């Protein structure tokens, strides 16, 4: 190796040592706090409601699969979340249409055009009993042989938004307020 090569080599080694040393000198920082999210907040944030989700245009317009859409997905408000009972599912109660401009490309013909597409958005949601399965679906069920409850029972047992307080009292009986014996019914 000539002197220029040795110098480049030593410069490279010094640079590598410096780059490895710099992160060790920087103070340790936590990227997130270690805060605990309270049960009521978790329940309210995960309960059945409308939330903005990205939906593939092709899934909404499957007959136009020969085209490429830009953007390929659009932001729509849809029902999502938990109902607190596996017999229930989060379903749209009210919907409305929204029209968006998107680009439609047909690669085989080198055609590009801006187009307005209408999509269905969910305005409000509710927990409803799951739909009855068809015969073919029933055979593939993981719970084959289990007795199904009526939809009336599912509606009667549907948890409400006040359910977190009840669940909290069940899970943490020591947190229940104590009532003086004089105020207990006789």
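Numbering (mature numbering (1 follows the signal peptide of the UniProt record, and there is no 0)), first residue to last: -27 to -1, 1 to 159. We put the beta carbon where it would ideally sit given N, CA and C, even for glycine. Bear in mind that the values here come from a model prediction, so they are computed numbers and not experimental data.
Asked: Just how far apart, CA to CA, sit residue 28 and residue 8?; Found: 32 angstroms
Asked: Take residue 19 and list the residues in its own chain whose beta-carbon comes closer than 7 angstroms to its own, dropping the five residues that flank it on each side.; Found: 54, 55
Asked: Check whether the Cβ atoms of residue 42 and residue 71 lie closer than 7 angstroms to each other.; Found: no
Asked: Which one of 6, 16, 11 has the shortest CA to CA distance from residue 58?; Found: 16
Asked: Which residue comes first and which comes last in the beta strand (DSSP E) that contains residue 25?; Found: 22 to 29
Asked: How big is the Cα-Cα spacing for residue 38 and residue 61?; Found: 33 angstroms
Asked: If we require 4 or more residues per run, which alpha helix (DSSP H) segments fall completely within the region 28 to 92?; Found: 30 to 33
Asked: From the DSSP output, read off the bridge partner residues of residue 99.; Found: 64
Asked: Alpha carbons only, please: which of 75, 95, 87, 84 is nearest the one belonging to residue 47?; Found: 75
Asked: Could you spell out the range, first to last residue, of the alpha helix (DSSP H) harbouring residue 189?; Found: Outside the shown range of the chain (-27 to 159) lies residue 189, about which nothing can therefore be said.
Asked: Kindly list the residues whose CB is nearer than 7 angstroms to the CB of residue 68, restricted to its own chain and excluding five residues on each side of it in sequence; keep chain order.; Found: 93, 94, 95, 96
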